[in-house]
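S.K.: Chains as they are written, first to last, in our numbering: chain V, 1 to 291; chain X, 292 to 557.
Cβ atoms here follow ideal geometry from the backbone N, Cα and C, with glycine treated the same way.
Since this is a predicted model, take the numbers as computed values, not measurements.
1. Nearest chain V C-beta to residue 257 (chain X) closer than 7 angstroms, yes or no?
2. On the criterion of 16 or more Cβ atoms from any shown chain inside 10 Å, does residue 478 (chain X) qualify as buried, or is it exposed?
3. Inspect the CB distances between the region 118-126 of chain V and the region 314-327 of chain X and report whether three or more fall short of 8 angstroms.
4. Using 10 angstroms around the beta-carbon of residue 222 (chain V), count the other beta-carbons present and answer buried if the total reaches 16, otherwise exposed.
5. Could one say the Cβ of residue 292 (chain X) lies closer than 7 angstroms to chain V's Cβ atoms, at least one of them?
6. Which residues does DSSP pair with residue 349 (chain V) in a beta bridge?
7. Chain V beta carbons: is any one of them nearer than 7 angstroms to that of residue 303 (chain X)?
8. Contact criterion: CB-CB distance below 7 angstroms. Does residue 432 (chain X) meet it with respect to chain V?
9. Tell me the DSSP secondary structure of residue 404 (chain X) in three-state form.
10. Does the distance from the C-beta atom of residue 126 (chain V) to that of residue 335 (chain X) stay below 7 angstroms?
11. With distance defined between alpha-carbon atoms, name the residue in V:79, V:245, V:197 and V:185 nearest to residue 166 (chain V).
12. Starting from the Cα of residue 403 (chain X), find the closest Cα among X:421, X:425, X:394 and X:439 and give me that residue.
13. Sorted by chain position, which residues of the same chain lie with C-beta nearer than 6 angstroms to residue 418 (chain X)'s C-beta, five sequence neighbours on each side aside?
14. Given residue 372 (chain X), which residues of its chain have a CB within under 6 angstroms of its CB, disregarding the five upstream and five downstream residues?
15. Consult DSSP for residue 270 (chain V) and reduce its assignment to one of helix, strand or coil.
16. Going along the chain, which unbroken runs of the alpha helix (DSSP H) with 4 or more residues stay wholly within the region 304-350 of chain X?
17. Please classify residue 511 (chain X) as buried or exposed, where buried requires at least 16 neighbouring CB atoms within 10 angstroms.
18. Could you tell me whether the region 382-401 of chain X touches the region 490-499 of chain X, using the rule of 3 or more Cβ pairs below 8 angstroms?
19. For residue 163 (chain V), report the span of its alpha helix (DSSP H) as first-last.
20. Got a sec, what are the start and stop residues for the alpha helix (DSSP H) residue 462 (chain X) sits in?
21. What runs of the alpha helix (DSSP H), each 4 residues or longer, lie entirely inside the region 416-504 of chain X?
22. Taking 7 angstroms as the threshold (C-beta atoms), are residue 406 (chain X) and residue 219 (chain V) in contact?
23. Taking the alpha carbon of residue 304 (chain X) as the point to measure from, which residue in V:51, V:247, V:97 and V:83 has its own alpha carbon closest?
24. For a contact meaning CB atoms closer than 8 angstroms, what does residue 326 (chain X) contact in chain V?
25. Pull up the distance between the alpha-carbon of residue 381 (chain X) and that of residue 483 (chain X), whole angstroms please.
26. CB residue 232 (chain V) to CB residue 202 (chain V), shorter than 7 angstroms?
27. Buried or exposed: which applies to residue 498 (chain X), given that a residue is buried once 16 or more other Cβ atoms fall within 10 Å of its Cβ?
28. Reducing DSSP to helix, strand and coil, say where residue 288 (chain V) ends up.
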């Protein structure tokens, strides 16, 4: 058995070495530097001044609220739009699904900066939207569709919707279609079947998609910077500017941990919700077995 | 009767919604490609006329071509490294039972869910401390880290579907372990290794969120170059360069589609 232990250690060593050295250590270092005193790239000491600066300032709290608001809206919109798409994909025959999946996966794999650039052209002064609206005679002169919250939200939803679609799809694929037929035999219409059978069973998929889209949206910084301009500030773009322009690393570190707390908090919440549900289901199973 | 109407309304709404979702998902890429062929001097949609002059400009642009080369090199090397590190990880997750297995799985997949700004800043600071800042090494490390989750996820899925009875059958027929590996295990795993590699490649090639922290001042990747350019000026050369990125991504995706199909990856 000693041989297999050694083999296992050899297999685990390279990934562990990479993850510990280049992810955990840097994050620990970042955590430490969020307590530094001062505002340059190189600082030292120990204080809570960076966190105090963020959490006691109305402007920064406003940015935090804006970030959470955009993250929640983006996740909710993704559920509403992504659910029907994910559901239909899961129920499609494999051949048709393959082709549509390319359309879903492409935006995930294409460089973010190219996608954002595409939206700049679509929504810009001489862009697609203005051309259409002026062609239809809805407006006389080009309107401004960029640099506002709605545009940022649109682009974020477009980028992260595929994650929701895939998550719902894999959730729904595990629901036996026989359940739907059974409901139909019992004269439930499609809406009732959806509400009473399908929806409750797809909660895990929805929840994991929701968490993922929320995390990705609140962490965004390229999109708010290019699509939102100076009008829409999110915590990600604030960190980016503090790191690369202002060079205030300790303050950026503190903001990073505010952001990390936010994303970890939501993940923990989602996991707890799932765990509660799961144990409840297990309990029911036990009960029925005993009966 | 009322229920029937409700079902019909649901079906129609669903159809319209799905159509508009698929159109919107494809929209940015389609717009970029179409506007790259403009004959005009400015970016507008619909474009004016047709020409390839912005492609000529892109190919002759020193900064774009240098960074394209950096991106390709970086994506190739990090794909290989990521596969070399991810394969043993996925193998261990599939074939061994050990304490902390789920923790290890979470850790291996976590570079995907840690906000990239946070990871980027953390690595930037760490690299500065190591004295590796603004080097190819620091970019490479960052890219191996962020491509690892794709590799581990795709490979564990591949290992999971793998029918181990085939290996046992071969061994029953007195094949040596080496023959089993060469004739059974590797050929059967090849599709998932290819998909994993492709995903790592595309993730690295298109990445902006981590490169923007690790590459500034030193070597820049193509996405970072596009990002800096878009912040200052806005002309059709960007559409031409972006179309090149789209073509590379599409080609690579077509390869996975051919080898293993999209169904197996997600």
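M.R.: Taking the geometry as given:
1. Because chain X here runs from 292 to 557, residue 257 (chain X) falls outside it and cannot be looked at.
2. Taking the second chain and counting its residues from 1, one reaches residue 478 (chain X) at position 187. Residue 478 (chain X) is exposed by the Cβ-count criterion.
3. yes
4. On the first chain, position 222 is the one that residue 222 (chain V) refers to. That one is buried.
5. Residue numbering aside, residue 292 (chain X) sits at position 1 when the second chain is read from its first letter. Note on residue 292 (chain X): pLDDT 47, under 50, position unreliable in the model; the coordinate value appears next. Not one chain V Cβ lies under 7 angstroms of residue 292 (chain X).
6. The displayed coordinates of chain V run from 1 to 291. Any statement about residue 349 (chain V) would go beyond what the structure contains.
7. One-based indexing of the second chain puts residue 303 (chain X) at position 12. No, because no Cβ of chain V sits closer than 7 angstroms to the Cβ of residue 303 (chain X).
8. As a position in the second chain, residue 432 (chain X) is number 141, starting the count at 1. Taking Cβ atoms only, chain V reaches closer than 7 angstroms to residue 432 (chain X), which makes this a yes.
9. The residue given as residue 404 (chain X) occupies position 113 in the second chain. Coil, per DSSP.
10. Numbered from its first residue, the first chain carries residue 126 (chain V) at position 126. Numbered from its first residue, the second chain carries residue 335 (chain X) at position 44. Result yes, Cβ atoms of residue 126 (chain V) and residue 335 (chain X) sit closer than 7 angstroms.
11. As a working note, residue 166 (chain V) is residue 166 in the first chain. Selected option, being the one with the closest Cα: V:79.
12. For the purposes of this step, residue 403 (chain X) is taken as the residue at position 112 of the second chain. For the residues X:421, X:425, X:394 and X:439, the minimum Cα distance to residue 403 (chain X) belongs to X:439.
13. Taking the first residue of the second chain as position 1, residue 418 (chain X) is located at position 127. Contacts found: 424 and 429.
14. On the second chain, residue 372 (chain X) is found 81 positions in, with the first residue counted as 1. Within the same chain, residue 372 (chain X) has close Cβ partners 435.
15. If you number the first chain from 1, residue 270 (chain V) lands on position 270. Correct three-state label for residue 270 (chain V): helix.
16. 344-350
17. Within the second chain, residue 511 (chain X) is the residue found at index 220, counting from 1. Counting Cβ neighbours within 10 Å, residue 511 (chain X) comes out buried, since at least 16 surround it.
18. no
19. Taking the first residue of the first chain as 1, we reach residue 163 (chain V) at position 163. Residues 149-173.
20. Walking along the second chain from the start, residue 462 (chain X) turns up at place 171. Unbroken alpha helix (DSSP H) run through residue 462 (chain X): 455-463.
21. 427-452, 455-463 and 477-497
22. Taking the first chain and counting its residues from 1, one reaches residue 219 (chain V) at position 219. Taking the second chain and counting its residues from 1, one reaches residue 406 (chain X) at position 115. Going by C-beta atoms, residue 219 (chain V) is nearer than 7 angstroms to residue 406 (chain X).
23. In the second chain, counting from the first residue as 1, residue 304 (chain X) sits at position 13. The shortest C-alpha separation from residue 304 (chain X) is found at V:83.
24. Your numbering for residue 326 (chain X) matches position 35 in the second chain. The contacting residues are 121.
25. Translated into positions along the second chain, residue 381 (chain X) becomes position 90. Translated into positions along the second chain, residue 483 (chain X) becomes position 192. Using only the alpha carbons, I get a separation of about 11 angstroms.
26. Here residue 232 (chain V) is taken as the residue at index 232 of the first chain, counted from 1. Here residue 202 (chain V) is taken as the residue at index 202 of the first chain, counted from 1. No, they are not a contact pair.
27. Numbered from 1 along the second chain, position 207 holds the residue referred to as residue 498 (chain X). Result: buried.
28. By one-based count along the first chain, residue 288 (chain V) stands at place 288. Reliability fails at residue 288 (chain V), whose pLDDT of 47 lies under 50, so the model's placement of it is uncertain and no value is given.
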